[in-house]
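2 protein chains.
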Amino acid sequence: MSKVTLYYFQAKAAVEGIRTLLAYGGQEFEDRRLEFGEEWLKFKPNTPLGTLPVLNIDGKEYATCLAISRYLGKKYGLIGDNDEEAFEIDQNVDYITDMRQRASTTYWERDEEIKKKQQEENAKLYPAMLDKINAMLEKNDGYIAAKKLTWADFHFAGMLDYLKVILQMPDLTDKYPAFKKIAERVYSIPKVKAWAATAPHTEL
Amino acid sequence: MSKVTLYYFQAKAAVEGIRTLLAYGGQEFEDRRLEFGEEWLKFKPNTPLGTLPVLNIDGKEYATCLAISRYLGKKYGLIGDNDEEAFEIDQNVDYITDMRQRASTTYWERDEEIKKKQQEENAKLYPAMLDKINAMLEKNDGYIAAKKLTWADFHFAGMLDYLKVILQMPDLTDKYPAFKKIAERVYSIPKVKAWAATAPHTEL
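Residue numbers (our numbering), protein chains in the order written: chain A, 1188 to 1391; chain B, 1188 to 1391.
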């Protein structure tokens, strides 16, 4: 079996999907969680792009969250049945990414005034975006795309807790029960469930 | 031949790569450029995700820029020779996208105070990001990834003028001649060249 290490921070964020994909694939991996301060700054120059996550497979390094998720999805047969379905997964993930990045930019903004203005702006946009994602799920029998389990579901399920925090919507899954159902679906897969039982608990 | 229409605005931005990919594929298409105001707002509810670009192929709609670019890349044999190369393209495009989105957020920010603060922040980050992209090109014989022509080169070449504007660096290609070489390489492909000669000139 390959020797695999995933480097990221002590968080789920958009990277938990990579962890659950590895678990689904039956791939043992070292789950290295770096401290955001000094440890990360020391490690950063050794990464391919100065960013995390980095997945190391037998010495070869893979960077950026969505590229890694898609790559693992392909490896584990979670990329749809044809180019049309692979496209639909990418399209729907791109849409969700737009919302996630908007929310995370605001969440991590240190200037209180900018943060407040962005929050006001976001509050006008989120309902329509969330409704659109919900409609996506309804159209796809509860999955993100292609009416079947794909890497997009692992990606979304893994970051659901993170989304609640960065969207500042603790009641997100009460409003959108379909979001919770995806997470339940992914986390009830035996290999994922077994891995998650051993994973550290993090709020984000 | 399929009946194809691309819906976007009167701009190159990150979507010109889709136009040049269609040209490369020998695909005739209607290049619909909507006015950003009323025309767009009237059109918006009829799009799959409330966003542009939308590519319509024989009545089937495809949305989001990167998903469409990757899909066309696959269709026209521009996705690398194996899963490792397809990954590398995705990874490097993800990195470039991070910079592009940061720059475009600031460029389109309407609050002058927020804009100024973001510009100061960005000024600290751009040099390292641009150097990283330049190193990417050097490592790949002048291409974005996989040491060969892929959809990533069309994507990057098409948005080079846009990057100059949103990064506020009119001298971008003087500083990074390798960026210009990609554009020259893509735009000297006969089918792309012929299409570009007929395309409207836009600053962005």
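No residue lacks a Cβ here, since even glycine has one placed at the ideal position from N, Cα and C.
Neighbours of A/Gly1260 in chain B, taken as residues whose beta carbon is under 8 Å from its own, are absent, since the nearest beta carbon is some 11 Å off. The continuous alpha helix (DSSP H) containing A/Lys1378 extends over residues 1377-1385.
When the five nearest sequence neighbours on each side are left out, the beta carbons in the same chain lying within less than 7 Å of the beta carbon of B/Tyr1313 are those of Leu1354, in order along the chain. With a beta-carbon spacing of about 18 Å, B/Tyr1263 and A/Gln1278 fall beyond the 8 Å limit used to define contacts. Counting along the chain, B/Asp1285 sits inside the alpha helix (DSSP H) bounded by residues 1270-1295. Flagged as an interface residue toward chain B: A/Ile1301, by a C-beta distance shorter than 8 Å. Proximity of A/Lys1231 to chain B, defined by a Cβ-Cβ separation below 8 Å, is not satisfied.
Per DSSP, A/Ile1244 is one residue of the beta strand (DSSP E) stretching across 1241-1244. Taking 9 Å as the cut-off between beta carbons, the residues of the segment 1239-1264 of chain B near chain A are Lys1247, Tyr1249, Ala1250, Thr1251, Cys1252, Leu1253, Ala1254, Ile1255, Arg1257, Tyr1258, Lys1261, Lys1262, in sequence order. The beta carbon of B/Gly1237 sits closer than 8 Å to some beta carbon of chain A. In terms of Cα proximity to B/Trp1338, the closest of B/Lys1351, B/Gln1197, B/Ala1201 is B/Ala1201. Chain A places no beta carbon closer than 8 Å to that of B/Ala1381, leaving this residue out of the contacts. Counting along the chain, the unbroken alpha helix (DSSP H) around B/Phe1343 starts and ends at 1338-1345. Residue environment: B/Asn1269 is assigned as exposed (fewer than 16 neighbouring CB atoms within 10 Å of its CB, all protein chains considered). For A/Val1191, the enclosing beta strand (DSSP E) covers residues 1191-1196. Assigned with DSSP and collapsed to three states, B/Tyr1363 falls in coil, not helix or strand. At a cut-off of 8 Å between beta-carbon atoms, A/Tyr1195 makes no contact with chain B. Residue environment: B/Glu1225 is assigned as exposed (fewer than 16 neighbouring CB atoms within 10 Å of its CB, all protein chains considered). Straight-line measurement puts the Cα of B/Gly1345 at about 41 Å from the Cα of A/Gly1213.
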